[in-house]
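Below: one structure, written as structure tokens.
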Amino acid sequence: MDFRLDDDQLQLREALRTFCDNEIAPGAEAREHAGRFEDGLIAQLAGMGLFGLYVPTEYGGAGLDVVSYVMAVEELSRACASTGILMSAHHSLCVDPILTFGTPAQKQRYLPRLASGEWIGCFSLTEPGSGSDAGAARCTAVERSDGWHVTGTKCFVTNGLEAQVIILFAVTDGADQGTGESRQSTGQKKKLSAFIVDKDSPGLRIGKVEKKMGLKASSTAELVFDDCLVPKENLLGERGRGLKVALTTLNGGRLGVAAQAVGISQAALDAAVAYAKTRRQFDQPIANFQAIQWKLADMQTQIQAARLLMYRGAWLKHRMRPYEAEASMAKLLASEVSSRVTNMAVQVFGGYGYIADYPAERYLRDAKVTELYEGTSEIQRLVIARKLVSEPDWVTR
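Sequence positions in the sequence shown follow our numbering and run 1215 to 1611.
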């Protein structure tokens, strides 16, 4: 059993760390206050090839493995969590479903521009009345002679302002408009279909842009579809099988969120260690006190455990082996560790941890959302438990 990264992965990590420390981290606080990405940042990321990490070289990507991808998300998130989710959502939630379910023509049209960073991608599943219950969706797509006509509202769309390509889910068949309870009682199910939607499609507009607790530079927007016309050839996967596309995509997205959470945790630990070594009380650095040392030790141990689960899920995904439950475990542990670690970092900083002049409070705010999006911690526990019950020997394989 070899836990070592190979030489190429190590070189990539060092190059990314240098780039992030020099180019991304210094602007993190300014992005936080501005509530947006500064001009030129996306071009910088594109210049590093960071929007096509595991896109095959035939489509203009770097053709790297999934472990390298999550490692990149971690490094970016360590420097700036908003920048990390920009790249993670682009890859996991837009590039990945096109790679997995797209036709040759769709791949040829979209992947080269997504890989180059010319186009940014996003994922549009959640609605005001449907979060964990995707089957409660009300956004509809009606097929007519000139294409699909989409009507409805989507919310909480990460990269909603920056994206030119949207992976959209809408009801196309068996559209019962009742609640989840009524659907169960009647046995009827809505059938979702997935679509690739261009940002300039007629009938599509950006609605409310959310003000958030953390990740303030990352846009979280509402998308409004008012008889939006989508070409027939932009159906992604099979008609009525959109839920499969969504769930498969979210499995990969959970690895990205795990990487984001690990990166935030590492940033918090790094800051706490540096502060503990310089902050003096009772004529000595507080790093000499056992109470502080134990906090740092717990932080390091939990981060490393989350990182190894993340790497395992990425390793399985790259080898096209089942990884759904492993992705949920990685996301569950990494996100909850991130909340604990960032909270402990604030405690190490003491009163200064509550002050915006220091980064600890930003890390705490940025960490919380990793327990919520792409499946709450409660949903991850359901996924893991169902796998365990249905395949009792799963953990021993």
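For each residue, glycine too, the CB sits at the ideal point set by N, CA and C. Nothing here was measured: the structure is a model prediction, and the numbers come from that model.
Measure from the alpha carbon of residue i to the alpha carbon of each residue in the options, then state which is nearest.
i	options	result
Glu1538	Glu1550, Asn1557, Tyr1489, Arg1595	Arg1595
Arg1521	Glu1243, Phe1233, Arg1250, Val1281	Val1281
Thr1386	Ile1256, Gly1456, Ala1276	Gly1456
Lys1531	Ser1306, Ser1296, Cys1294	Ser1306
Arg1227	Phe1496, Leu1290, Phe1409	Leu1290
Gly1266	Val1560, Arg1533, Leu1300, Lys1509	Leu1300
Arg1494	Ile1478, Met1558, Gly1564, Thr1434	Gly1564
Thr1372	Trp1508, Ala1528, Ser1549, Ala1303	Ala1303
Asp1220	Tyr1525, Lys1404, Leu1313, Pro1416	Tyr1525
Arg1533	Lys1404, Leu1278, Leu1382	Leu1278
Gln1225	Gly1298, Met1285, Ser1433	Met1285
Asp1414	Ser1542, Lys1422, Ser1407, Leu1375	Leu1375
Thr1434	Arg1218, Arg1250, Ala1244	Arg1250
Ser1549	Val1603, Ser1344, Ala1295	Ala1295
Thr1515	Gly1527, Ala1528, Ser1552	Ser1552
Tyr1572	Glu1243, Asp1222, Ala1229, Arg1218	Glu1243
Thr1462	Gly1589, Arg1231, Val1583	Gly1589
Thr1584	Arg1600, Ala1599, Arg1554	Arg1554
Arg1218	Arg1535, Arg1579, Trp1529	Trp1529
Assuming contact is defined by CB atoms lying nearer than 8 Å, are residue i and residue j in contact in what I supplied?
i	j	result
Val1612	Ala1475	The shown model of the chain, from 1215 to 1611, leaves out residue 1612, and the question about it has no answer.
Tyr1577	Val1471	no
Glu1239	Ala1431	Correcting the residue type first, residue 1239 is Ala in the shown sequence and not Glu. For Ala1239 and Ala1431, no; Cβs fall outside 8 Å.
Leu1546	Met1513	no
Trp1362	Lys1446	yes
Ala1355	Ala1377	no
Thr1556	Ala1519	no
Arg1468	Ser1407	no
Gly1275	Ala1329	yes
Ala1293	Asp1235	yes
Leu1450	Pro1311	yes
Can you give the Cα-Cα distance for residue i and residue j, rounded to whole angstroms?
i	j	result
Asp1347	Ala1570	37 Å
Glu1246	Leu1429	7 Å
Ala1260	Gly1331	5 Å
Phe1315	Ala1488	46 Å
Val1597	Phe1496	50 Å
Gln1258	Phe1233	10 Å
Glu1592	Ser1359	43 Å
Thr1365	Ala1501	58 Å
Ala1559	Gly1477	14 Å
Pro1270	Gly1417	33 Å
Gly1567	Ala1574	5 Å
Gly1454	Tyr1324	22 Å
Ala1351	Asp1440	16 Å
Ala1319	Glu1357	20 Å
Trp1608	Leu1602	7 Å
Gly1392	Gly1343	For Gly1392, the pLDDT reaches just 42, beneath the cut-off of 50, and the residue's location in the model is therefore unreliable, although a value from the coordinates is still provided. Cα to Cα, the separation comes out at about 11 Å.
Ala1544	Phe1503	32 Å
Ile1256	Thr1297	9 Å
Leu1382	Glu1540	26 Å
Asp1222	Val1411	36 Å
Glu1452	Tyr1283	28 Å
Pro1326	Leu1313	11 Å
Val1202	Arg1579	Outside the shown range of the chain, which is 1215 to 1611, sits residue 1202, and nothing can be said about it.
Thr1367	Gly1345	13 Å
Ser1604	Lys1458	19 Å
Pro1536	Thr1317	23 Å
Can you check DSSP and say which residues form a bridge with residue i?
i	result
Asp1222	Bridge partners of Asp1222: none, in fact.
Cys1442	Val1364
Cys1336	Ile1380
Asp1387	Lys1405
Thr1372	Thr1434
Asp1412	Val1379
Thr1354	Thr1365, Val1385
Ser1680	Because the chain here runs from 1215 to 1611, residue 1680 falls outside it and cannot be looked at.
Arg1494	Pro1499
Val1423	Ala1435
Leu1418	Phe1439
Leu1449	Phe1409
Below 8 Å on the Cβ atoms is my guess for residue i versus residue j; work out the distance and round it to an integer in Å.
i	j	result
Gln1480	Ile1517	6 Å
Leu1437	Ile1420	6 Å
Ile1380	Cys1336	5 Å
Ala1511	Leu1339	Actually they do not touch by this definition, with Cβ atoms about 40 Å apart.
Asn1448	Phe1409	5 Å
Ala1473	Glu1288	5 Å
Lys1321	Tyr1268	Their Cβ separation, rounded to whole angstroms, is 14 Å, which puts Lys1321 and Tyr1268 out of contact at 8 Å.
Glu1341	Cys1308	That pair is no contact at about 18 Å.
Lys1426	Gly1349	Between Gly1349 and Lys1426 the Cβ distance is about 27 Å, and since that is not below 8 Å, they are no contact.
Glu1252	Gly1241	6 Å
Lys1491	Pro1499	5 Å
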